[in-house]
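Numbering (our numbering), first residue to last: 35 to 198.
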């Protein structure tokens, strides 16, 4: 049985946005564990090493999923979509690109977590290492990104497949 490459191209954005959203949900579950009051002081000690290893690996998965969504939705749109599905593919493309637009808001907290330091209000002053404070900041941005652009991209790709 031959593979229908056109159909595969059209459903790939749904698969990749599903992966992006699932990855974001699992990150939220895993990372909020470090904020539990019963282990927070221990988290401040181990989080820089743990986060550096996990985040540096996971970032490639997130990039691969979003680039896959961007490339496949752009390809579908370039080939000319059908009716309403074209609008949905545009929304999926905007959502995937939107995910990457959040990078400036997460870079600072990620760097500080990995380095085990906090940004100070006064220039040049270094505060004690409190990675969990920066993890909270990262999780707030992560939650907003997940509930806006990641969810929008996924819903749009569901709509695109349903209107084929």
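Glycine is no exception: its CB is placed at the ideal position from the N, C-alpha and C atoms.
- The C-beta of residue 166 has 16 or more other C-beta atoms within 10 Å across all chains shown, which makes the residue buried.
- The C-beta separation of residue 127 from residue 104 comes to about 6 Å, placing the pair in contact by the 8 Å criterion.
- By the Cβ neighbour-count rule, residue 83 is exposed, with fewer than 16 other Cβ atoms within 10 Å of its own.
- A distance below 8 Å between beta-carbons, with the five flanking residues on each side excluded, links residue 108 to the following residues of its chain, in chain order: 127.
- Non-local C-beta neighbours of residue 70 in its own chain, meaning closer than 7 Å and more than five positions away in sequence, are absent.
- Within the same chain, 100 come within 8 Å of residue 134 by CB-CB distance, once the 5 residues on both sides are set aside.
- Between residue 189 and residue 79, the alpha-carbon positions lie close to 39 Å from each other.
- When C-alpha distances from residue 81 are compared across 111, 45, 122, 65, the shortest belongs to 65.
- Between the segment 116 to 123 and the segment 172 to 183, the count of Cβ pairs shorter than 8 Å is below three; the stretches do not touch.
- Contact annotation: residue 46 and residue 96 have beta-carbon atoms that are not nearer than 8 Å.
- By the C-beta density criterion, residue 58 is buried, having at least 16 other C-beta atoms within 10 angstroms.
- For residue 191, the closest C-alpha among the options 50, 38, 150, 36 is that of 50.
- The beta carbon of residue 114 sits closer than 8 Å to those of 120, all from its chain and outside the five residues before and after it, given in chain order.
- Residue 36 sits exposed, since fewer than 16 C-beta atoms from the chains shown fall within 10 Å of its C-beta.
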